[in-house]
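>
Numbering (the UniProt record's numbering), first residue to last: 1 to 757.
1. Pick out whichever of 616, 332, 229, 650 has its Cα sitting closest to the Cα of residue 301.
2. Return the first residue and the last residue of the beta strand (DSSP E) that residue 608 is part of.
3. In chain order, what residues of the same chain have a beta carbon less than 6 Å from the beta carbon of residue 380, not counting five sequence neighbours either side?
4. Write down the C-beta distance between residue 466 and residue 711 rounded to the nearest angstrom, noting that I regard them as a contact closer than 8 Å.
5. Output the residue ranges of the alpha helix (DSSP H) runs that lie fully inside the stretch 157-201 and measure 4 residues or longer, sorted by chain position.
6. Quick check on the DSSP output: the alpha helix (DSSP H) that includes residue 53 runs from which residue to which?
7. Here's the rule I'm using: 16 or more other beta-carbon atoms within 10 Å means buried, otherwise exposed. How should residue 279 be labelled?
8. Looking at the structure shown, is residue 215 part of a helix, part of a strand, or coil, going by DSSP?
9. Assuming residue 444 and residue 410 form a contact by the criterion Cβ under 8 Å, report the distance between their Cβ atoms to the nearest whole angstrom.
10. Just tell me which of 631, 678, 731 has its CA closest to the CA of residue 668.
11. Terminal residues of the continuous alpha helix (DSSP H) containing residue 73?
12. If you run the structure through DSSP and keep just helix, strand and coil, what is residue 751?
13. What number of angstroms, rounded off, separates the C-alpha of residue 694 from the C-alpha of residue 316?
14. Since residue 177 and residue 372 should fall inside the 8 Å C-beta cutoff, what is the C-beta to C-beta distance between them, to a whole number of angstroms?
15. For residue 612, I'd like the list of residues in its chain whose CB is within less than 6 Å of its CB, leaving aside the five on either flank, ordered along the chain.
16. Which word fits residue 201, buried or exposed, when buried means at least 16 other C-beta atoms lie within 10 angstroms of its C-beta?
17. Are the CB atoms of residue 536 and residue 469 within a distance shorter than 8 Å?
18. Roughly how many whole angstroms lie between the Cα atoms of residue 135 and residue 595?
19. Identify the residues that DSSP records as bridge partners of residue 207: which are they?
20. Is residue 570 closer than 8 Å to residue 655 when the C-beta atoms are compared?
21. Quick check on residue 709: does DSSP put it in helix, strand or coil?
22. For residue 247, count the other beta carbons within 10 Å of its own beta carbon; 16 or more makes it buried, fewer makes it exposed. Which is it?
23. Specify, as a first and last residue, the run of the beta strand (DSSP E) that residue 698 falls within.
24. Have a look at residue 159 and residue 734 and give me their C-alpha separation to the nearest angstrom.
25. Does the beta-carbon of residue 359 have 16 or more other beta-carbons within 10 angstroms, so that it is buried, or is it exposed?
26. The alpha helix (DSSP H) that contains residue 255, what's its start and end?
27. To which residues does DSSP link residue 364 through a beta bridge?
28. Please go through the same chain and pick out, in chain order, the residues whose beta-carbon is closer than 8 Å to the beta-carbon of residue 228, but skip the five residues on each side of it.
29. For residue 621, collect the residues of the same chain with a Cβ closer than 6 Å to its Cβ; drop the 5 residues on either side in sequence, then sort them by chain order.
30. Extract the residue ranges of the beta strand (DSSP E) inside the stretch 285-312, only unbroken runs of 3 or more that lie entirely within it.
31. By a C-beta neighbour count over all protein chains shown, 10 Å radius and 16 as the cutoff for buried, is residue 370 buried or exposed?
32. Count the other CB atoms within 10 Å of the CB of residue 428; is the residue buried (16 or more) or exposed (fewer)?
33. Considering Cα atoms alone, identify which of 210, 366, 148 is closest to residue 423.
34. Are the CB atoms of residue 170 and residue 140 within a distance shorter than 8 Å?
35. For the stretch 458-516, which segments carrying the beta strand (DSSP E) assignment without a break, of at least 3 residues, lie completely within its bounds, in sequence order?
36. How would you call residue 196, buried or exposed, if buried means at least 16 neighbouring beta carbons within 10 angstroms?
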């Protein structure tokens with residue numbers, strides 16, 4: 001069996017000394033450190049006033065829906081960049097990595113801050129590709145609301161569902177922006193239907209499209225919008241790139257007034273205050289713009305409805321009204337209930353969440369933080385609650401367009417960029433001191449009636465990798481550089497797993513998809529100048545047990561002329577969400593025996609169990625969904641920690657040999673869009689790939705097939721689909737879950753692929 005196909009011990013990289021890092025050729029963080037004319041909130045300004053004018057917003061969508069283009073236009077109209085960049089030109093602000101500009105996709109989330117009228121907006125442009133879902137998840141932890149962007153010709157797509165679910169789980173109020181209204185097949189009606197059908201949300205359309213009849217009246221003749229709240233027609237000037245636009249009052253248009261009345265009725269169905277006013281005045285016409293806006297905001301914050309807006313960012317139509325909507329309908333940091341009860345336990349002291357890290361060859365590691373409470377000053381000492389480490393802040397920056405603006409202090413609700421932190425990683429909670437953290441922990445313990453609580457914000461769950469491959473440097477001279485570069489990339493991207501095969505000493509990369517690992521490889525080559533080759537891409541299968549098994553062994557080893565004996569009994573049983581720690585068994589005899597168990601030996605047993613579960617007996621894949629209980633432990637005096645670990649590992653391995661172990665394969669939700677005339681051959685091919693059809697739909701003459709398929713059957717599927725559909729088919733996939741391989745034929749097929757024979 002090819003041992004490089006296993007996922008083995010993780011590498012624990014130690015922090016790098018400056019003289020080692022200086023040998024690396026690192027990318028330049030594409031920001032200009034010149035002082036900006038836009039000033040952050042000053043100390044003299046009342047904090048509550050500044051907070052009320054602040055919006056923290058995430059931009060999310062399926063790939064190619066226009067997130068980055070929309071962000072670029074926002075910066076342009078806000079006056080912080082002179083010319084709007086284009087994704088296809090590779091000159092956008094938020095896609096600053098060379099690979100992002102080369103490929104025209106967003107790989108890393110980018111934070112930009114800019115003024116809009118009297119407001120300040122912190123905006124995070126997130127990736128749209130499924131391989132970078134983790135990047136989206138951690139970014140949404142730092143914002144208070146989100147704007148979902150749809151392609152007007154496609155509606156809700158596969159990744160739209162994923163990011164929408166993430167926003168819902170984070171309890172974020174949302175707006176929807178239907179982009180690309182200039183496309184020939186654009187249909188906002190179809191988009192509204194897909195929002196209802198696929199997102200299970202209630203859309204409230206606040207705008208209608210305006211087309212130039214002399215230019216055809218559809219598609220590319222899209223020139224403006226009708227604002228049903230303010231009853232205005234807004235026409236955007238093409239020569240000025242939409243900077244100038246004309247507003248026309250349309251209150252005399254009976255058809256449009258009817259549309260507004262329908263909008264008021266729809267909103268009043270969800271807002272009792274608005275309904276009461278209509279009943280008391282006995283007139284829908286008595287509802288003012290301010291009444292309607294306030295009602296829409298209330299039901300948006302409660303996530304009862306989703307306001308919908310129209311535009312074409314590439315054609316410079318509709319972006320300014322979208323910015324107005326962000327400041328009008330989305331909340332400031334203090335306008336919603338606290339999402340995490342941990343924040344309240346800090347009693348207005350610093351409580352910050354590190355949602356992103358980035359390495360810059362001038363400033364070192366940059367940590368992006370959302371400040372939920374308290375302030376953060378340049379040069380201050382802070383405490384990492386998650387890792388129980390003290391840190392020193394070198395400098396504090398505010399992200400502004402493509403600049404980092406150095407400031408002395410940042411305040412609650414803001415997004416800060418901090419340099420100088422040595423021990424902080426993505427997902428960590430930070431505060432001012434150990435005493436503050438202890439006080440918060442005691443308060444949480446009292447509220448929850450638990451003593452084992454930790455005063456840390458809910459972190460981002462790192463997803464299980466579904467692909468892995470080996471990576472080898474071109475020569476031994478490059479191995480050290482490779483290790484150093486991977487250390488930096490792991491700190492930036494915790495969804496990248498790095499391990500080492502103990503048999504071959506090969507480095508193994510595990511990630512979220514083919515593109516994810518391909519991007520890592522290209523970044524190693526282009527940014528870190530590390531010459532390395534990737535091995536064959538393999539699917540990350542898992543193993544698990546079916547039946548409980550109990551095993552007692554006596555483990556003997558002679559070291560330094562001393563006999564070391566360990567007697568240990570463990571029980572392994574299937575559990576969907578097992579405890580991360582080895583549990584103590586039940587029974588009086590067991591409890592009496594384990595009462596004498598030292599913390600050191602318990603830690604050794606834990607390490608031994610974990611190491612043995614990393615390599616299952618069937619094909620060498622990790623064993624998951626297994627809970628381990630310790631029933632008995634006895635050892636001779638002065639037995640070394642290594643012997644105790646080895647005994648625990650041996651006990652688990654022998655137990656797994658005595659119980660049925662099955663193979664688990666990753667299933668993905670697959671969505672295929674293909675011309676109707678190619679449906680038959682595409683469906684036949686999918687059947688051979690064990691595809692389980694769940695939904696079949698039709699849109700613009702294309703067939704949409706949605707269902708589950710084993711990931712292992714989809715390697716190279718992009719090429720197959722292009723061939724079957726003459727290049728007219730597209731697909732996207734999203735990890736769903738692991739499932740037992742039932743058919744012995746399929747298991748044998750997988751075993752041959754893994755072993756290579």
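We put the beta carbon where it would ideally sit given N, CA and C, even for glycine.
Just so you know, these numbers come straight off a predicted model, no measurement behind them.
Checking against the coordinates, here is how it stands:
1. Considering only alpha carbons, the answer is 332.
2. Premise fails: residue 608 lies in the alpha helix (DSSP H), 599-613, not in any beta strand (DSSP E).
3. A distance below 6 Å between beta-carbons, with the five flanking residues on each side excluded, links residue 380 to the following residues of its chain, in chain order: 393.
4. Confirmed, Cβ separation roughly 6 Å.
5. Secondary structure in the stretch 157-201: the alpha helix (DSSP H) runs of 4 residues or longer, each lying completely within the stretch, are 158-169, 188-198 in chain order.
6. No residue range can be given for residue 53, since it is assigned to no alpha helix (DSSP H) and is classified by DSSP as neither H nor E.
7. When all chains shown are included, residue 279 counts as exposed.
8. Helix.
9. That pair is no contact at about 25 Å.
10. Between residue 668 and the set 631, 678, 731, the nearest pair of CA atoms involves 731.
11. Counting along the chain, the alpha helix (DSSP H) containing residue 73 begins and ends at 67-77.
12. If DSSP states are grouped into helix, strand and coil, residue 751 belongs with the helices.
13. Cα-Cα distance, rounded: 39 Å.
14. Not quite, the Cβ-Cβ distance comes to about 27 Å (not below 8 Å), so this is no contact.
15. Excluding positions up to five away in sequence, the list reads 649, 652, 653.
16. Label assigned to residue 201: buried.
17. Contact: yes.
18. If you take the alpha carbons of residue 135 and residue 595, they lie about 44 Å apart.
19. According to DSSP, which records beta bridges pairwise, residue 207 is partnered with 227.
20. Going by C-beta atoms, residue 655 is nearer than 8 Å to residue 570.
21. In the three-state scheme derived from DSSP, where H, G and I count as helix and E and B as strand, residue 709 is classed as strand.
22. That one is exposed.
23. Note, residue 698: beta strand (DSSP E), 692-699.
24. Distance between the alpha carbons of residue 159 and residue 734 is about 8 Å.
25. Looking at its Cβ environment, which holds 16 or more other Cβ atoms inside 10 Å, residue 359 is buried.
26. Where residue 255 is concerned, the enclosing alpha helix (DSSP H) stretches over 254-268.
27. 360.
28. Excluding its 5 nearest sequence neighbours in each direction, residue 228 has C-beta neighbours in its own chain below 8 Å: 205, 206, 207, 208, 256, 259, 260, 263, listed in chain order.
29. Within the same chain, and ignoring the five residues on either side of residue 621 in sequence, the residues whose Cβ sits closer than 6 Å to its Cβ are 541, 542, 543.
30. Complete beta strand (DSSP E) runs here, min 3: 306-310.
31. Only buried fits residue 370, as 16 or more other CB atoms lie within 10 angstroms of its CB.
32. Buried: at least 16 other Cβ atoms inside 10 Å.
33. With distances taken between CA atoms, residue 423 lies nearest to 366 out of 210, 366, 148.
34. Yes, Cβ-Cβ distance for residue 140 and residue 170 is below 8 Å.
35. Counting only runs of 3 or more residues that sit fully inside the stretch 458-516, the beta strand (DSSP E) segments are 467-473, 497-500, 507-511, in chain order.
36. Classification for residue 196: exposed.
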